[in-house]
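Numbering (our numbering), first residue to last: 4 to 275.
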Amino acid sequence: NGAECEPYLTADFTLMKNRYRELMQVVELIRKVYQPDKVVLAIEKRNKELRFVFELYREICSVKLLPDSYPQGSELQLIHSVTGMKLKKTQLPISKGVLVSNVGTLYGIYKAAFESIPFTERVVTVSGDNLKGAGNYWVKVGTPVRHVLASAGKISGWDNCHVVLGGPMMGVEVHRLDTPVSKGTSGVLALEKRPLEAYNCIQCGYCVDACPMGLMPMQFAVAYRENDLKAFEEYRLGQCIECGACEYICPSNVPLIDSIKRGKQFILENHK
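Structural data, given as C-alpha coordinates:
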(Lines of atoms letter the chains of each structure in order from A and count residues from 1; the text may use other names and numbers.)
(Lines give C-alpha, C1' and ligand atoms only; values in the text may rest on other atoms or scores of the structure.)
Protein backbone atom coordinates (compact mmCIF):
# COMPACT_ATOMS: atom_id res chain seq x y z
CA ASN A 1 0.00 0.00 0.00
CA GLY A 2 1.85 3.04 -1.30
CA ALA A 3 -1.28 5.18 -1.56
CA GLU A 4 -0.59 7.84 1.03
CA CYS A 5 -3.80 9.80 0.64
CA GLU A 6 -3.99 11.99 3.76
CA PRO A 7 -3.02 15.66 3.39
CA TYR A 8 0.40 16.66 4.75
CA LEU A 9 1.74 13.10 5.00
CA THR A 10 4.69 12.13 2.79
CA ALA A 11 6.55 9.63 4.99
CA ASP A 12 5.74 6.64 2.76
CA PHE A 13 6.59 8.59 -0.38
CA THR A 14 9.99 9.45 1.10
CA LEU A 15 10.70 5.80 1.87
CA MET A 16 9.62 4.64 -1.59
CA LYS A 17 11.78 7.29 -3.23
CA ASN A 18 14.92 6.73 -1.16
CA ARG A 19 14.70 3.11 0.02
CA TYR A 20 13.13 1.34 -2.95
CA ARG A 21 15.89 -1.27 -3.19
CA GLU A 22 15.34 -2.33 0.40
CA LEU A 23 11.57 -2.42 -0.07
CA MET A 24 11.90 -4.67 -3.09
CA GLN A 25 14.11 -7.06 -1.14
CA VAL A 26 11.29 -7.45 1.36
CA VAL A 27 8.70 -7.94 -1.37
CA GLU A 28 10.85 -10.72 -2.80
CA LEU A 29 11.07 -12.28 0.67
CA ILE A 30 7.28 -12.12 1.07
CA ARG A 31 6.86 -13.74 -2.35
CA LYS A 32 9.00 -16.68 -1.24
CA VAL A 33 7.10 -17.10 2.02
CA TYR A 34 3.50 -16.70 0.81
CA GLN A 35 3.91 -17.60 -2.87
CA PRO A 36 1.08 -15.29 -4.04
CA ASP A 37 -0.34 -15.37 -7.55
CA LYS A 38 0.35 -11.67 -7.93
CA VAL A 39 2.03 -8.80 -6.10
CA VAL A 40 0.85 -5.24 -6.77
CA LEU A 41 2.36 -1.96 -5.61
CA ALA A 42 -0.43 0.62 -5.47
CA ILE A 43 0.55 4.29 -5.70
CA GLU A 44 -1.41 7.43 -6.48
CA LYS A 45 -1.12 9.11 -9.88
CA ARG A 46 0.41 12.24 -8.37
CA ASN A 47 3.43 10.10 -7.44
CA LYS A 48 3.71 8.53 -10.86
CA GLU A 49 7.44 9.31 -11.06
CA LEU A 50 7.87 6.37 -8.69
CA ARG A 51 6.40 4.10 -11.32
CA PHE A 52 9.51 4.33 -13.46
CA VAL A 53 11.63 3.28 -10.49
CA PHE A 54 9.55 0.28 -9.50
CA GLU A 55 8.97 -0.90 -13.06
CA LEU A 56 12.63 -1.92 -12.99
CA TYR A 57 11.39 -4.65 -10.65
CA ARG A 58 8.47 -5.77 -12.82
CA GLU A 59 9.47 -9.42 -12.33
CA ILE A 60 8.81 -9.00 -8.61
CA CYS A 61 5.68 -6.85 -8.66
CA SER A 62 3.46 -4.80 -10.92
CA VAL A 63 2.59 -1.14 -10.36
CA LYS A 64 -1.00 0.08 -10.15
CA LEU A 65 -1.70 3.82 -10.43
CA LEU A 66 -4.71 4.85 -8.36
CA PRO A 67 -6.84 8.01 -8.49
CA ASP A 68 -5.72 10.93 -6.34
CA SER A 69 -8.73 10.65 -4.09
CA TYR A 70 -9.36 10.32 -0.38
CA PRO A 71 -9.49 7.83 1.33
CA GLN A 72 -7.78 5.82 -1.42
CA GLY A 73 -5.18 4.47 0.99
CA SER A 74 -7.78 2.94 3.31
CA GLU A 75 -7.49 -0.84 3.19
CA LEU A 76 -11.00 -1.58 1.93
CA GLN A 77 -10.87 1.11 -0.76
CA LEU A 78 -7.40 -0.02 -1.82
CA ILE A 79 -8.50 -3.63 -2.22
CA HIS A 80 -11.50 -2.59 -4.28
CA SER A 81 -9.40 -0.36 -6.56
CA VAL A 82 -6.75 -3.03 -7.15
CA THR A 83 -8.80 -6.24 -7.26
CA GLY A 84 -12.40 -5.14 -7.80
CA MET A 85 -13.48 -6.96 -4.64
CA LYS A 86 -15.79 -5.19 -2.18
CA LEU A 87 -15.19 -6.26 1.39
CA LYS A 88 -17.24 -5.36 4.43
CA LYS A 89 -15.44 -3.77 7.34
CA THR A 90 -15.96 -6.97 9.33
CA GLN A 91 -14.23 -9.13 6.69
CA LEU A 92 -10.52 -9.82 6.94
CA PRO A 93 -8.68 -9.41 3.61
CA ILE A 94 -6.79 -12.66 4.20
CA SER A 95 -10.13 -14.51 4.15
CA LYS A 96 -10.35 -13.51 0.48
CA GLY A 97 -6.73 -14.34 -0.27
CA VAL A 98 -5.47 -10.77 -0.02
CA LEU A 99 -2.59 -9.49 2.11
CA VAL A 100 -2.08 -5.73 2.44
CA SER A 101 1.07 -4.21 3.89
CA ASN A 102 2.06 -0.57 4.11
CA VAL A 103 5.43 0.90 3.22
CA GLY A 104 6.55 1.59 6.78
CA THR A 105 5.89 -2.00 7.81
CA LEU A 106 7.87 -3.33 4.85
CA TYR A 107 10.85 -1.21 5.76
CA GLY A 108 10.60 -2.38 9.37
CA ILE A 109 10.71 -5.97 8.10
CA TYR A 110 13.79 -5.13 6.05
CA LYS A 111 15.66 -3.77 9.07
CA ALA A 112 14.75 -6.84 11.13
CA ALA A 113 15.28 -9.52 8.48
CA PHE A 114 18.36 -8.19 6.69
CA GLU A 115 20.12 -6.06 9.32
CA SER A 116 18.90 -7.68 12.56
CA ILE A 117 17.78 -4.27 13.84
CA PRO A 118 14.49 -4.13 15.79
CA PHE A 119 11.78 -1.59 15.03
CA THR A 120 12.97 1.32 17.18
CA GLU A 121 12.53 4.25 14.78
CA ARG A 122 10.45 5.24 11.78
CA VAL A 123 10.02 8.02 9.23
CA VAL A 124 7.50 10.58 10.48
CA THR A 125 6.12 13.60 8.63
CA VAL A 126 6.40 16.63 10.91
CA SER A 127 4.31 19.49 9.55
CA GLY A 128 1.56 22.01 10.20
CA ASP A 129 0.92 25.73 10.25
CA ASN A 130 3.89 28.12 10.50
CA LEU A 131 6.37 25.28 11.01
CA LYS A 132 9.72 26.38 9.60
CA GLY A 133 11.38 22.98 9.73
CA ALA A 134 8.53 20.89 8.31
CA GLY A 135 9.72 17.69 6.67
CA ASN A 136 10.25 13.98 7.15
CA TYR A 137 12.36 12.88 10.11
CA TRP A 138 13.69 9.63 11.48
CA VAL A 139 12.07 9.54 14.92
CA LYS A 140 12.71 7.09 17.74
CA VAL A 141 9.62 5.26 18.96
CA GLY A 142 8.75 6.73 22.35
CA THR A 143 9.91 10.27 21.58
CA PRO A 144 7.50 12.85 23.11
CA VAL A 145 5.67 14.92 20.50
CA ARG A 146 6.98 18.09 22.13
CA HIS A 147 10.54 17.12 21.16
CA VAL A 148 9.49 16.07 17.67
CA LEU A 149 7.83 19.42 16.97
CA ALA A 150 10.69 21.32 18.60
CA SER A 151 13.08 19.77 16.09
CA ALA A 152 10.94 21.38 13.37
CA GLY A 153 10.90 24.77 15.07
CA LYS A 154 7.75 24.57 17.20
CA ILE A 155 8.70 25.62 20.73
CA SER A 156 5.82 27.89 21.78
CA GLY A 157 2.20 28.80 21.05
CA TRP A 158 0.83 25.43 22.16
CA ASP A 159 -2.45 26.90 23.39
CA ASN A 160 -3.34 28.02 19.88
CA CYS A 161 -2.83 24.74 18.05
CA HIS A 162 -4.12 21.21 17.75
CA VAL A 163 -1.38 18.58 18.01
CA VAL A 164 -2.34 15.55 15.93
CA LEU A 165 -0.75 12.12 15.62
CA GLY A 166 -1.33 10.88 12.08
CA GLY A 167 -3.06 12.86 9.35
CA PRO A 168 -5.55 15.72 9.66
CA MET A 169 -8.47 13.53 8.59
CA MET A 170 -8.06 10.27 10.54
CA GLY A 171 -5.41 11.29 13.03
CA VAL A 172 -5.90 11.57 16.78
CA GLU A 173 -5.57 14.85 18.64
CA VAL A 174 -3.37 14.63 21.72
CA HIS A 175 -3.69 16.91 24.73
CA ARG A 176 -0.43 16.02 26.48
CA LEU A 177 2.82 17.07 24.84
CA ASP A 178 4.64 14.17 26.46
CA THR A 179 2.52 11.75 24.42
CA PRO A 180 5.03 9.43 22.68
CA VAL A 181 5.42 8.57 19.03
CA SER A 182 4.42 4.94 18.46
CA LYS A 183 5.42 2.47 15.76
CA GLY A 184 2.22 3.35 13.88
CA THR A 185 2.71 7.13 13.93
CA SER A 186 3.05 8.38 10.36
CA GLY A 187 2.81 12.09 11.17
CA VAL A 188 2.99 14.68 13.92
CA LEU A 189 1.08 17.83 13.01
CA ALA A 190 0.66 21.21 14.71
CA LEU A 191 -2.49 22.74 13.24
CA GLU A 192 -3.70 26.22 14.13
CA LYS A 193 -7.01 26.32 15.96
CA ARG A 194 -9.79 27.72 13.78
CA PRO A 195 -13.10 27.82 15.68
CA LEU A 196 -16.04 26.74 13.54
CA GLU A 197 -19.67 27.45 14.32
CA ALA A 198 -21.95 24.46 13.78
CA TYR A 199 -25.36 24.95 12.20
CA ASN A 200 -28.33 22.67 11.69
CA CYS A 201 -28.12 20.04 8.97
CA ILE A 202 -29.61 21.34 5.71
CA GLN A 203 -30.10 17.86 4.22
CA CYS A 204 -27.83 18.67 1.26
CA GLY A 205 -26.62 15.08 0.98
CA TYR A 206 -22.97 16.03 0.45
CA CYS A 207 -21.90 13.68 3.24
CA VAL A 208 -23.68 10.79 1.53
CA ASP A 209 -21.90 11.52 -1.75
CA ALA A 210 -18.53 11.71 0.03
CA CYS A 211 -18.86 8.51 2.07
CA PRO A 212 -16.68 5.74 0.57
CA MET A 213 -18.75 3.09 2.37
CA GLY A 214 -22.09 4.24 0.93
CA LEU A 215 -23.50 5.28 4.31
CA MET A 216 -25.73 8.18 5.41
CA PRO A 217 -23.60 10.03 7.99
CA MET A 218 -26.18 12.70 8.82
CA GLN A 219 -28.42 9.96 10.23
CA PHE A 220 -25.73 9.07 12.78
CA ALA A 221 -25.83 12.60 14.20
CA VAL A 222 -29.61 12.35 14.55
CA ALA A 223 -29.39 8.89 16.11
CA TYR A 224 -26.82 10.03 18.65
CA ARG A 225 -28.85 13.10 19.58
CA GLU A 226 -31.88 10.87 20.18
CA ASN A 227 -29.98 7.93 21.73
CA ASP A 228 -31.54 5.73 19.07
CA LEU A 229 -29.74 2.39 19.16
CA LYS A 230 -32.01 0.88 16.51
CA ALA A 231 -31.23 3.71 14.07
CA PHE A 232 -27.48 3.23 14.52
CA GLU A 233 -27.84 -0.41 13.54
CA GLU A 234 -30.33 0.31 10.75
CA TYR A 235 -27.96 2.80 9.12
CA ARG A 236 -24.96 0.45 9.59
CA LEU A 237 -22.81 2.57 11.87
CA GLY A 238 -20.44 -0.39 12.30
CA GLN A 239 -19.38 -0.11 8.65
CA CYS A 240 -18.06 3.45 9.11
CA ILE A 241 -14.26 3.68 8.79
CA GLU A 242 -14.13 7.16 10.38
CA CYS A 243 -12.31 8.68 7.40
CA GLY A 244 -13.77 12.12 8.14
CA ALA A 245 -14.77 12.89 4.54
CA CYS A 246 -18.36 13.57 5.60
CA GLU A 247 -17.44 16.12 8.24
CA TYR A 248 -14.89 17.81 5.99
CA ILE A 249 -17.43 18.46 3.24
CA CYS A 250 -20.35 19.44 5.49
CA PRO A 251 -21.36 23.09 4.82
CA SER A 252 -23.03 23.29 8.25
CA ASN A 253 -19.94 22.10 10.16
CA VAL A 254 -21.96 19.38 11.86
CA PRO A 255 -19.57 17.37 14.13
CA LEU A 256 -20.32 14.09 12.39
CA ILE A 257 -17.18 12.21 13.45
CA ASP A 258 -17.78 13.01 17.10
CA SER A 259 -21.33 11.65 16.77
CA ILE A 260 -20.02 8.55 15.03
CA LYS A 261 -17.37 7.78 17.65
CA ARG A 262 -19.77 8.42 20.52
CA GLY A 263 -22.40 6.35 18.74
CA LYS A 264 -20.07 3.36 18.51
CA GLN A 265 -19.32 3.70 22.21
CA PHE A 266 -23.07 3.91 22.89
CA ILE A 267 -23.60 0.63 21.00
CA LEU A 268 -20.83 -1.11 22.96
CA GLU A 269 -22.26 0.03 26.28
CA ASN A 270 -25.73 -1.22 25.38
CA HIS A 271 -24.54 -4.61 24.14
CA LYS A 272 -22.63 -5.55 27.29
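From the three backbone atoms N, C-alpha and C, an ideal C-beta is built for every residue, glycine too.
Remember, predicted model here, so these are calculated numbers, not experimental data.
Please go through the same chain and pick out, in chain order, the residues whose beta-carbon is closer than 7 Å to the beta-carbon of residue i, but skip the five residues on each side of it.
i    : result
V142 : E124, R125, V127, V151, V184
V56  : Y23
I260 : E245, G247, E250
Excluding the five sequence neighbours on either side, which residues of its own chain have a C-beta within less than 6 Å of the C-beta of residue i, listed in chain order?
i    : result
Y60  : M27
Y140 : V127, V129
G136 : A155, G156
L199 : N256
E25  : Y113
Y209 : I252
Which residue from the options puts its Cα closest to that of residue i?
i    : options                : result
I63  : H274, V43, N50         : V43
G107 : F223, F16, N256, M221  : F16
N230 : Y251, L271, L180, L192 : L271
D40  : L12, V101, D261        : V101
A115 : L79, C210, V29         : V29
A224 : E237, V166, G266, E195 : G266
N105 : E237, F117, N273, T188 : T188
D212 : L232, D181, C249       : C249
Count the other CB atoms within 10 Å of the CB of residue i; is the residue buried (16 or more) or exposed (fewer)?
i    : result
S98  : exposed
A14  : buried
T93  : exposed
G138 : exposed
S159 : exposed
Q80  : buried
E9   : buried
What residue range does the alpha helix (DSSP H) around residue i cover?
i    : result
Y23  : 23-37
N273 : 259-273
Can you give me the start and stop residues for the beta strand (DSSP E) that residue i sits inside?
i    : result
H150 : Looking at the DSSP string, H150 is not in any beta strand (DSSP E); the run it does join, the alpha helix (DSSP H), is 148-154.
S255 : Looking at the DSSP string, S255 is not in any beta strand (DSSP E), and its letter there is neither H nor E.
A45  : 43-47
V127 : 124-131
G107 : Note, G107: premise wrong, no beta strand (DSSP E); alpha helix (DSSP H) at 106-118.
L192 : 190-195
Looking only at its chain, what residues have a beta carbon closer than 8 Å to the beta carbon of residue i, apart from the 5 residues adjacent to it on each side?
i   : result
L18 : L26, V106, G107, Y110, V126
Check whether the segment 189-209 and the segment 235-247 touch, using three or more Cβ-Cβ pairs below 8 Å as the test. no
Between the segment 68-76 and the segment 42-58, are three or more C-beta pairs nearer than 8 Å? yes
Quick check: the segment 233-243 against the segment 214-224, are at least 3 beta-carbon pairs closer than 8 Å? yes
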